[in-house]
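The sequence shown runs 396 to 502 under the numbering used here.
Beta carbons are placed, not taken as given, at the ideal position from N, Cα and C, and that holds for glycine.
Okay, so here's the structure we're looking at.
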Amino acid sequence: KTSAGDVRGKEAADFRSTAQDFSESLDALDNAIRVLKKQAFDRAQAEMLQVHKSLIQVTKSPLLPIASKKALSAFLQQAQPAVEELPSDGLSVQNPEAHGYEFQSGG
396 KTSAGDVRGK EAADFRSTAQ DFSESLDALD NAIRVLKKQA FDRAQAEMLQ VHKSLIQVTK
456 SPLLPIASKK ALSAFLQQAQ PAVEELPSDG LSVQNPEAHG YEFQSGG
């Protein structure tokens, strides 16, 4: 038989753990927003390829939570064009280079 004090102690520990998790998530979001604001400019296609490779490396990090790895992997898969959409060598030489990413955030 557990006492009310034991139950409250367990609930308090759960609350502290959840509050810590939320706090870390908010800190991560603040950092991400700060990074996005510093990078508010259009990027060349070649630069985006390097960013893509860097993000792939991040997904392999053992320090990244599994939920974040899944979200990042889904984003990277979404960003890849289908083979049919890729231009032939002749077309890519004739066309001017498009921006690999155009900054969208107005915040």
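Distance between residue j and residue i (C-alpha atoms, nearest Å)
i	j	result
LEU449	ILE461	A small correction: the amino acid at residue 449 is Ser; Leu does not occupy that position in the sequence shown. Computed Cα separation, rounded: 18 Å.
SER398	ALA408	16 Å
LEU459	GLU406	27 Å
LEU467	GLN452	11 Å
GLY400	SER412	18 Å
SER420	GLY404	24 Å
LEU471	HIS447	7 Å
Own chain partners of residue i with C-beta closer than 6 Å, once the 5 adjacent residues on each side are dropped
i	result
LEU444	none
VAL402	none
Same chain only: Cβ atoms within 7 Å of residue i, ignoring 5 sequence neighbours per side
i	result
LYS464	THR454
PHE410	none
Own chain partners of residue i with C-beta closer than 8 Å, once the 5 adjacent residues on each side are dropped
i	result
ASN426	none
Unbroken alpha helix (DSSP H) run spanning residue i, endpoints
i	result
ASP399	For clarity, residue 399 is Ala in the given sequence; the question names Asp instead. It spans 399 to 433 - the alpha helix (DSSP H) in which ALA399 sits, taken as one unbroken run.
Residue-chain proximity (residue i, chain D), Cβ-Cβ < 7 Å
i	result
ALA414	Of the chains in the structure shown, none is chain D; there is only one protein chain.
Any non-hydrogen atom of the ligand HEM closer than 6 Å to residue i Cβ
i	result
ILE428	Among the ligands in the structure shown, none appear at all, so the ligand HEM cannot be discussed.
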